[in-house]
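2 protein chains.
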Amino acid sequence: MRVTADDVAEAAGVSRAMVSRAFTEGAPIAARKRAHVLAVAESLGYRPNRIARGLTGSQTGLIALVVGAVSRPYEAWLLETMSREIRAARNWPLLLQVQPGDELDNALEDALAYQVDGAIVAAGSVSPALAERCRNSGAPIVMVGRIMPGGDTDAVCCDNRLGLELLVDHLASSGRKKLAWIGGTPETFSNIERHDGLMQALARRGMKLLAARQGDYSVDSGLAQALTLLTAPEKPDAILCGNDAMALGAIAAARRLGLSVPGDVAITGFDDIPAAAWEPYQLTTVRNPVLETTREALRLLRQRIEGRSGTHDSDPAAEIVRLSPELIIRQSA
Amino acid sequence: MRVTADDVAEAAGVSRAMVSRAFTEGAPIAARKRAHVLAVAESLGYRPNRIARGLTGSQTGLIALVVGAVSRPYEAWLLETMSREIRAARNWPLLLQVQPGDELDNALEDALAYQVDGAIVAAGSVSPALAERCRNSGAPIVMVGRIMPGGDTDAVCCDNRLGLELLVDHLASSGRKKLAWIGGTPETFSNIERHDGLMQALARRGMKLLAARQGDYSVDSGLAQALTLLTAPEKPDAILCGNDAMALGAIAAARRLGLSVPGDVAITGFDDIPAAAWEPYQLTTVRNPVLETTREALRLLRQRIEGRSGTHDSDPAAEIVRLSPELIIRQSA
DNA sequence: CTGAAAGCGCTTACAG
DNA sequence: CTGAAAGCGCTTACAG
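Residue numbers (my numbering), protein chains in the order written: chain A, 88 to 420; chain B, 88 to 420.
Printed below as a string of structure tokens:
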């Protein structure tokens with residue numbers, strides 16, 4: 088059978104409470120005794136049962152991690168970073184992958200039943216009611232890449248408008264005049280902000296859009312929409328895409344039509360996913376600061392988790408962190 | 088505070104045991120009473136605490152899921168499929184992402200402390216000692232894409248040799264004579280089998296390899312190695328790559344050198360990741376049956392988990408499932 | 001610093 | 001089918 092704290096206590100000649108303390112950082116226990124208990128535990132192959140510990144203690148070490156479908160390169164990149172950082176903080180991610188638009192109330196409730204210490208939500212939509220429930224259950228949520236309407240949930244998000252400003256600036260100053268836009272999934276937070284940023288950047292320069300199409304953030308949609316744009320009577324000399332994946336598709340479209348990139352048409356993305364740097368693409372884009380985003384999200388979460396043990400009367404206001412994207416100039420524009 | 092089973096019991100006018108039974112499939116409870124308890128629970132917003140349940144009951148519903156870095160497309164595809172299927176089975180994946188070659192004993196021990204019901208290991212290396220420990224802790228392991236030397240751990244794995252046989256057959260019958268190979272990370276199970284399968288397929292036809300290079304399963308390594316092959320004095324007329332990612336790199340290399348694919352050189356991959364079908368690639372490859380693999384892995388795991396509650400005296404022998412890859416012919420070969 | 005005791009929120013024999 | 005009781009493996013006041 089599994090070895091238990093009682094077994095260790097007996098073997099070490101101490102009380103069960105002491106073996107618990109030996110494994111609890113900062114618990115009152117003589118240094119020598121701790122060393123002894125730990126040694127005995129090691130020799131017996133004992134590890135505290137985290138489930139039992141979770142029942143009593145204040146934390147389970149579990150964090151719900153909600154991301155979009157990782158077959159999409161940006162999501163994969165985000166997940167990879169988050170999962171690594173969560174583990175580095177000695178927590179375990181409970182993974183929930185959702186399709187765009189998925190209601191995740193049910194799934195998150197389920198995660199709550201596991202007494203997760205908190206949740207990082209980078210996809211799907213959570214109702215205000217659920218966010219409220221999470222707070223009450225002592226499981227803070229932090230949103231990534233989106234900001235909840237009420238403004239009472241912590242969030243960390245890239246400055247999408249600035250990103251488009253940087254891209255338009257780059258294109259305009261390299262003499263591009265006829266800009267077209269391929270937007271991502273409509274109604275998504277990022278798409279709304281990016282489109283908005285684009286329109287502002289153009290307005291600021293007295294420019295206007297030649298054409299706008301709508302994709303769904305996938306490579307295929309970028310390909311299809313770019314094909315339409317590039318076979319229209321009046322062709323754009325630059326296509327801004329709502330994310331990198333669509334931009335990769337747009338590059339493929341241009342090539343299929345025998346157009347040179349950036350000679351005939353400049354193409355830009357958003358995110359700077361790993362594939363953006365690959366040989367056949369060399370995509371000019373803006374970098375979504377995924378690592379900084381992850382660290383900030385974890386910091387906010389940690390802050391709430393600690394805070395929750397303090398005075399309950401006044402929850403500090405929600406913190407919204409905006410991170411700046413960086414222009415990455417490669418060959419495509 | 089959180090509402091507890093006692094609260095529900097009181098509100099419903101039954102014992103705490105009955106509310107537990109109401110939430111336990113197949114537990115002895117009158118249908119009407121169950122409905123009543125469930126209704127009361129719902130109105131109170133009660134959900135059984137899975138941590139408490141895990142302490143008493145026989146299952147936690149947690150499954151450790153070990154995959155390689157998901158920035159790699161095959162791993163992303165696998166993770167996406169596995170996480171979806173695990174959730175569909177109403178379990179939660181505890182995600183562990185590892186780098187190739189990572190010893191995952193420590194991490195898995197940690198997962199064991201969470202009383203996971205089992206583990207699916209698709210990356211990293213687990214020592215026989217750990218596999219043993221897992222079995223003893225009642226947390227069966229099933230390996231995916233690799234088979235443990237001892238042969239006493241369940242595994243499901245693609246028939247790598249058959250895959251190469253299909254590819255060589257296709258190339259040979261389209262008249263290719265000078266075949267080159269770009270292998271993946273050496274010492275990995277898949278690489279050894281694929282290389283082996285290649286050599287067997289060639290031998291069977293009295294052919295031999297023009298050249299062999301070694302990559303690391305990344306796009307960049309495929310690009311670099313293909314560049315070398317394609318600038319050598321004697322160029323291959325076909326390059327077989329150990330996986331799709333390297334094949335995508337190889338296609339980029341050919342293009343960079345102004346060679347046509349498949350005109351000047353045929354290029355093949357392995358896996359059939361989503362990107363293989365993308366416009367600029369149109370990769371001919373063999374499909375690694377990821378969904379079937381996932382389902383088989385879950386079936387094996389489930390089988391062990393159920394089995395463990397039965398008679399303990401004789402563990403059924405390990406089951407090794409081999410799944411056949413399928414040739415997917417596109418443009419690149 | 002240390003130990004005995006109570007309790008975390010459930011489930012499951014046990015006895016009706 | 002139902003309830004009272006014991007127990008899962010810990011942690012944490014409480015009293016030394």
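From the three backbone atoms N, C-alpha and C, an ideal C-beta is built for every residue, glycine too.
Being a predicted model, the structure only gives us computed values, none of them experimental.
Per-residue burial, residue i [other beta carbons within 10 Å of its own, 16 or more giving buried]
i	result
aspartate 204/A	buried
glutamine 186/A	exposed
aspartate 93/A	exposed
tyrosine 201/A	buried
glutamate 162/A	buried
glycine 168/A	With the sequence shown as reference, residue 168/A is identified as threonine, and glycine is not the correct amino acid for it. By the neighbour-count rule (16 or more Cβ atoms within 10 Å), threonine 168/A is buried.
leucine 129/A	The sequence given here has glutamate at residue 129/A, not leucine. By the 10 Å Cβ count, glutamate 129/A comes out exposed.
glycine 237/A	exposed
aspartate 402/B	exposed
proline 273/A	exposed
arginine 248/B	buried
threonine 143/A	exposed
glycine 250/A	buried
glycine 211/A	buried
glycine 262/B	exposed
alanine 226/B	buried
serine 145/A	exposed
aspartate 303/B	buried
serine 347/A	exposed
methionine 252/A	For the record, residue 252/A in the displayed sequence is glutamate; it is not methionine. Burial call: buried.
proline 160/A	buried
glycine 290/B	It should be pointed out that residue 290/B corresponds to alanine in this sequence rather than to glycine. So alanine 290/B ends up on the exposed side.
serine 411/B	exposed
glycine 284/B	buried
Under 9 Å between C-beta atoms of residue i and residue j
i	j	result
leucine 254/A	alanine 288/A	yes
threonine 355/A	alanine 334/A	yes
valine 213/B	leucine 191/B	yes
asparagine 278/B	glycine 329/B	yes
serine 325/A	alanine 267/A	The identity of residue 325/A in the sequence shown is alanine, whereas the question assumes serine. In contact: alanine 325/A and alanine 267/A (Cβ atoms closer than 9 Å).
glutamate 377/B	leucine 152/B	Checking the displayed sequence, the identity of residue 377/B turns out to be valine instead of glutamate. Result no, Cβ atoms of valine 377/B and leucine 152/B do not sit closer than 9 Å.
cysteine 221/B	arginine 233/B	no
isoleucine 74/B	isoleucine 416/A	This structure gives no information on residue 74/B, because the portion of chain B shown stretches from 88 to 420.
valine 229/B	alanine 259/B	no
threonine 315/A	proline 349/A	no
methionine 105/B	alanine 98/B	no
alanine 313/B	alanine 340/B	yes
valine 157/A	alanine 384/A	no
valine 101/A	lysine 120/A	yes
Within chain B, partners of residue i - CB distance below 7 Å
i	result
valine 157/A	Val157, Ala163, Leu166, Glu167
glutamine 184/A	Glu167, Ser170, Arg171
glutamine 146/A	What glutamine 146/A touches in chain B: nothing, since even the nearest Cβ is about 11 Å away.
proline 215/A	Result: empty, since nearest Cβ-Cβ is about 16 Å, beyond 7 Å.
alanine 139/A	Leu142
leucine 181/A	Trp179, Leu181
Rounded Cβ spacing between residue i and residue j (contact assumed at less than 8 Å)
i	j	result
leucine 217/A	alanine 198/A	That pair is no contact at about 11 Å.
alanine 109/A	valine 90/A	In fact, because the Cβ distance is near 14 Å, the residues do not count as touching under 8 Å.
isoleucine 338/A	serine 419/A	6 Å
aspartate 246/A	arginine 409/A	5 Å
glutamate 366/B	leucine 344/A	Going by Cβ atoms, the distance from glutamate 366/B to leucine 344/A rounds to 12 Å, so no, they are not a contact pair.
phenylalanine 357/B	arginine 281/B	6 Å
valine 154/A	alanine 209/A	5 Å
valine 352/B	proline 323/B	6 Å
glutamate 413/A	valine 373/A	6 Å
arginine 389/A	glutamate 196/B	Actually they do not touch by this definition, with Cβ atoms about 25 Å apart.
Residue i: contacting residues in chain B (beta-carbon distance under 9 Å)
i	result
serine 224/A	Arg89
Amino acids of chain A, ordered along the chain, whose beta-carbon sits closer than 7 Å to that of residue i
i	result
asparagine 136/B	Ala200, Gln202
glycine 394/B	Per Cβ cutoff of 7 Å: no residues; glycine 394/B is ~18 Å from chain A at best.
arginine 342/B	Pro367
Beta-carbon neighbours of residue i, restricted to chain A and to distances below 9 Å
i	result
glutamate 274/B	Result: empty, since nearest Cβ-Cβ is about 23 Å, beyond 9 Å.
Chain B residues whose Cβ lies nearer than 8 Å to that of residue i
i	result
alanine 339/A	Trp365, Glu366, Pro367
Amino acids of chain A, ordered along the chain, whose beta-carbon sits closer than 8 Å to that of residue i
i	result
leucine 266/B	None at all; the shortest Cβ gap to chain A is about 23 Å.
Subject >> Ranges of the alpha helix (DSSP H) found wholly within the region 242 to 305 of chain B, counting only runs of at least 4 >> reply: Counting whole runs of 4 or more residues, the region 242 to 305 of chain B contains the alpha helix (DSSP H) stretches 247 to 260, 276 to 291.
Subject >> Ordered list of beta strand (DSSP E) runs contained in the region 117 to 187 of chain B, each at least 3 residues >> reply: DSSP runs (the beta strand (DSSP E)) wholly in the region 117 to 187 of chain B: 149 to 155, 179 to 185.
Original post:
What residue ranges within the region 323 to 352 of chain A form continuous beta strand (DSSP E) runs of no fewer than 3 residues, ordered along the chain?
Top reply: Here the runs fully enclosed are 325 to 328.
Original post:
Which runs of the beta strand (DSSP E) fall wholly inside the region 370 to 404 of chain A and span at least 3 residues, in chain order?
Top reply: Entirely contained in the region 370 to 404 of chain A, the beta strand (DSSP E) runs reaching 3 residues are, in chain order, 372 to 374.
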